[in-house]
Every structure is written in structure tokens, then in C-alpha cells.
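Take a look at the structure below.
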Ligand code: F6R
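Numbering (the working numbering), first residue to last: 124 to 753.
Below, the structure written as C-alpha cells:
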């Protein structure tokens, strides 16, 4: 997803900006660019706003910047994930405004007046575009961003901060921007309204930075201020200035500097070919870290005040997107089956726009790897606006908006996840959600000490059990060779493992581009059976649970139509390989925690199928890591 880096410094800041973009690369992008208030320093290039843009990788942008000798102390940079307009160079950021009368066709010779980068979406861009065109502005792109550059230009009368303030007041939507003006060579102004933006305070206070994510500044500064909705920030050498929604200056107490240990995005791959593979294999460690320090089940694992909240709530509403939504679907089985608490799970982008019946005694649980997913954040705020006082998040980023805005939280310790396809974030979310189930069950008097001890023992054994599943990789690779030749696949599961089938299908489609669907196995005969042929492999998640015999009947339905089954069967299920049935034996049945184990072979299947098909595993087409736009 889009990323912003900006800086005001007395040194040449171009390498810092481009390296910042490199740290944000894992989030997914399709073009990138940098604009600098350039100093000529003997080169043939004039001083003033200069930019380089590319639809290739950030490394290519770096080469271009070096060969063009672009350097200077004030700059903004961007990775773009296309929303309005194709991923072509003219749509890449930074966007320039050349003023109201300069034809964009003359761009090569015209002098840029305003340079701007933007994350998010401007909803009223069409109306503004019409107005600005009528005022003489010529548009060089199809983006909603370019209108903001022209709008700032149209409002500029010698003070960039005032122009941005006036422009932002006319924008509708969710966005973060960073802007420069040709007449103010040592100034960058930023604004946050719905998309994340942080301010990085330079080590000796002489240089300051803007970024959409603290990770972009890893190794540059760990002194971070999290800007809030409606904040404007003015960066100049040796000083910064923040105003709030009402336009008044904010004090250091209102926007404190925090020390943030941001990981560098450039994590080592070690022996792995891709980050996704590395992250799949990190799961035993990630689960162990997530459970580290959990001595027993107490509500306070989720924060101060959790005890009182858990006493009063009568139901749970889980809101999330994508893979995180599927972890919520697993949790519904746990919360209703173990804690006996009525639970709904809803896709965040649906909930935020529908009329729902608020229940102030319901616990709102958001689940998010990044903690910045626009739809999930909007759903949380929507729930709060409806009068839901009790909010809790299961999140992998302690400094994220999700954690800051929820009253209670459990921070998973998956570590940074770089592969776009979520893997270790999912299993650590499940670990956090299982702890939540136990804590709620205990608060409601539905968990005996013996049960608590047994569940905790099983959880602590998970890293070892996961290692045993990861050892199945060679068998999965042989399945992947078959799948790589297919264009469709069906995934079946029942009960707790139906969401695992959904997650397996999502993993396969997003990185191998094979069309994959998942069904609860009992639904097969109500429609999807019509699709089953020898060209439609059917992956079946078959743990040895109460539904196994029913699932075996569903498998027979597939075999009777010539369908080929790929079955993940627990060791004790008595399902054997035979003609048209390929079986991989999982370890012994793992009870309620079985979904954490069964998802791993499906992650590996998607991974090795994608590798065999030669796709860009860590950066699948059209997708982004952290979806900060609607
Ligand atoms: C799929 C995937 C996405 C995310 C979804 C939510 O592999 O990664 O479906 O799960 O975009 O993201 P978070 O968890 O950051 O809110």
C-alpha cells in the first residue's frame, strides 16, 4: 500500500528518503518517486523542485536519482499502490503543480511550484478537479492526488502551512499528505486525516522527518510522534510545529515524543527463498513469543480494566478483514463452544456501512496484523460512534492506531511480517484469540482450574507440534507439483476447520493466481459438486473430530464424480491413500487448537504452488501488505 517519507535536513537527504521507501517496499506498490528541493552544487541541473519517478522497483529509482545527480536537504518520497489511474509514470507521486496557466505538455521545461505525495483517497476529487480546470489548471494524471497539488497552489500566498491548512479544509476522504513549495526550500508540511502519518525527530534536533510508518525511519531516528486525526505538521530545520483539528498549536504533552524500536524492513532471508517461506517456518517461534509470559489465565492479559469489562459483556462482535477475518471465524467456534458467549464475526467493510443494532454490553473485538487497515479502523470507530464502550484488539503492531484506539489489547508477537500473504500473523492471532476465549470463559465461571491447566499445557506444546507439521514440507511439495498445473481448486472443511479451508483457498488464490474456493463440506451437494471433475483438485481438511464420519461421506461424493482428493488427515483417522486420494498424515488430533496446525500445510501448499508457477510470491500482483485505503 502507499507509503510516504519526507525530510527537512541540512545534509543531502536523498539516500535517507529512498532507503525509507525500500523499508516500505514489503507493503506492496506499483510505482515510486521522489521530489527534492535541489541545490545545483556545480551540476548542470538548476535549483528548485526536481523529481524522479519509476514504475520499476525502488532500487531503479535510486539509480535514476544518482545518475541525474538529484540531491538536496528537503524532500518527499512515495510508493504508490494504484487506486485512481493505472500504475504508469504520469500517475506516480510526487505530483507537481505548475500553476494555473502552464500546460502540462510543457512539463519538461516548466518549473514545479508545488510537489505533493498522498496516501488514501480524496472522495470529492471530481468536483474539485472540475473547479480547478475551470481556473486554468491542466491535469497530467488520472489521480485524485494531483488535484490536491493544484488546490494548494491555488491557495498559496507566501505561506505553505496556511495554504495546506486551507486546502485540507476542502478535502473529503481519508488521507495523509506531505507537501513542498518551490519558494520555501527548507519546509515540508504534512496533514493527517484518516491515514497514518508520523513525525520523526532527528537525533540532534536539526533534522526532522515525516513517514506513514515508523519503520521507514528505522536506523534514522527512533524518536517518533504519532500524529492524530486532523493534525497538521510544519517541518523546518531545527523546529517542528503541530496543530490540531481546531487549528491551535499543540504542546509536547499533547503530542509526546515516544521512543519506538522500529524493525528494519530489510530482515535477512537466511536460508529461505522468500519471506513467506521464512515466515511460515518462524511460526513455532512466533507462537512461543506470543505466549511468553502467560503464566495463567487472567483478564489483565488484555489490559487494565479487562476484569470489569469481561464481567459485564454478554456477547462478542468480531470485526476484521481477509485472513484476520478468518481467524475471527475460528474464534467464534471457541467463544461459543468453550466460553458459551454468543459471537458474531463480520467483515469490517460490511459492518461499517450497514444499519446494525448496537448493544452496549457487547465486546467489540478487532483483529489486525498491521493495526492500520482502513476498513477495520473505520468499523471500530463506527462501533464506538454507535455507543459501544467495550473494545479490544488482537494486533501485531503495538504502536498502531488500532491499539491506540481500543480500550483493551493483546499484542501478538509474530514479529514483522513482510510477505504480503499473511501466515505467522494468522496463527499468532489464533493464539491470542484462544487466550481471550479462556479469559472470558473464566470470567463467566465456565473454566475449571483443571481445564485451564490442560489448555495451557496444550498451548505451550504448540511450538513443538508446529515443528512436526513443518517437517511435512517435502510431501506438500509433491502435491504442489500437481496444483501448479491446475487453474481451479476446491477446499473443504467442517466446523472449526471450515475457516481453515477458507484461509487455504485465500492463500492459494492470492499468490499462485489459481482460482480457489472453500466450502463447508456439508454444502457440497447444494451446488459446488457440479464443478467437481478430475481437473478440480479437492483439498480436504480432515481432523479426527466429531465430524470426521460426515466428512468421509462428503469425500465419497467427490470420488464418485471422478474428483481427486488431497486430504490432510490426522494420524488416527484411518483415511489412507488410494487411487484418486492423496493423504498427508498430520500429527495426533490436537483438540480445539487443531486449526493452528492444519493451516500450516495449506500455507506451504500455496507457497510451493506459487513458486512452481513462478509468481512474485512476496509481492503478488495488485495486492498490498497494509491496506490503509478503503
Ligand atoms: C491475506 C492478507 C490480507 C490481510 C487483510 C487484513 O494473506 O494478508 O487478507 O489479512 O488485508 O490485514 P490486517 O490483518 O493488517 O488488518
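Don't be surprised by glycine CBs; every beta carbon is placed ideally from N, CA and C.
Please determine whether the Cβ atom of residue i lies at a distance below 7 angstroms from any heavy atom of the ligand F6R.
i	result
residue 624	no
residue 543	yes
residue 472	no
residue 750	yes
residue 400	no
residue 627	no
residue 548	yes
residue 492	yes
residue 405	no
residue 717	no
residue 446	yes
residue 633	yes
residue 413	no
residue 344	no
residue 826	No answer is possible for residue 826: it lies beyond the span of the chain, which begins at 124 and ends at 753.
residue 535	no
residue 496	yes
What is the residue span of the alpha helix (DSSP H) that residue i lies within?
i	result
residue 334	Per DSSP, residue 334 belongs to no alpha helix (DSSP H); it is in the beta strand (DSSP E), 331–334.
residue 734	717–736
residue 274	268–278
residue 680	671–683
residue 518	Element bounds for residue 518: not the alpha helix (DSSP H) but the beta strand (DSSP E), 514–518.
residue 582	572–593
residue 262	Element bounds for residue 262: n/a, residue is neither H nor E.
residue 248	248–257
residue 497	497–508
residue 149	It is not in any alpha helix (DSSP H) - residue 149 carries neither H nor E in the DSSP assignment.
residue 601	596–606
The beta strand (DSSP E) spanning residue i covers which residue range?
i	result
residue 157	154–161
residue 413	It is not in any beta strand (DSSP E) - residue 413 instead sits in the alpha helix (DSSP H) that spans 406–414.
residue 756	What the structure shows of the chain is the stretch from 124 to 753, and residue 756 is not part of that stretch, so it cannot be assessed.
residue 638	638–643
residue 489	485–491
residue 395	Looking at the DSSP string, residue 395 is not in any beta strand (DSSP E), and its letter there is neither H nor E.
residue 173	171–177
residue 340	Note, residue 340: premise wrong, no beta strand (DSSP E); not H, not E.
residue 662	661–665
residue 533	531–534
residue 612	611–616
Report the three-state DSSP secondary structure of residue i (helix, strand or coil).
i	result
residue 204	coil
residue 461	coil
residue 744	coil
residue 421	coil
residue 214	helix
residue 479	coil
residue 359	strand
residue 705	strand
residue 432	helix
residue 312	strand
residue 389	With a pLDDT of 47 at residue 389, under the threshold of 50, the predicted position of this residue should be treated as unreliable, though the coordinate-derived value follows. Here residue 389 sits in coil by DSSP.
residue 693	strand
residue 243	strand
residue 317	strand
residue 526	helix
residue 454	helix
residue 233	coil
Thinking residue i and residue j are a contact (beta carbons under 8 angstroms), I'd like their distance in whole angstroms, please.
i	j	result
residue 406	residue 550	5 angstroms
residue 626	residue 648	About 23 angstroms; that fails the 8 angstroms criterion.
residue 313	residue 320	6 angstroms
residue 162	residue 142	Contact flag wrong, Cβ pair sits at about 20 angstroms.
residue 106	residue 131	Because the chain is modelled from 124 through 753, residue 106 falls outside the range shown and cannot be assessed.
residue 716	residue 557	7 angstroms
residue 555	residue 580	About 18 angstroms separates the two Cβ atoms, so there is no contact after all.
residue 213	residue 264	5 angstroms
residue 691	residue 665	6 angstroms
residue 322	residue 348	4 angstroms
I'd like to confirm the pairing. Which residues does DSSP put opposite residue i in its beta bridges?
i	result
residue 346	382
residue 469	442
residue 219	238
residue 127	201
residue 372	366
residue 323	332 and 347
residue 688	661 and 704
Is residue i near the ligand COA, judged by its Cβ being under 7 angstroms from some heavy atom?
i	result
residue 478	No copy of the ligand COA occurs in the structure displayed; its ligands are the ligand F6R alone.
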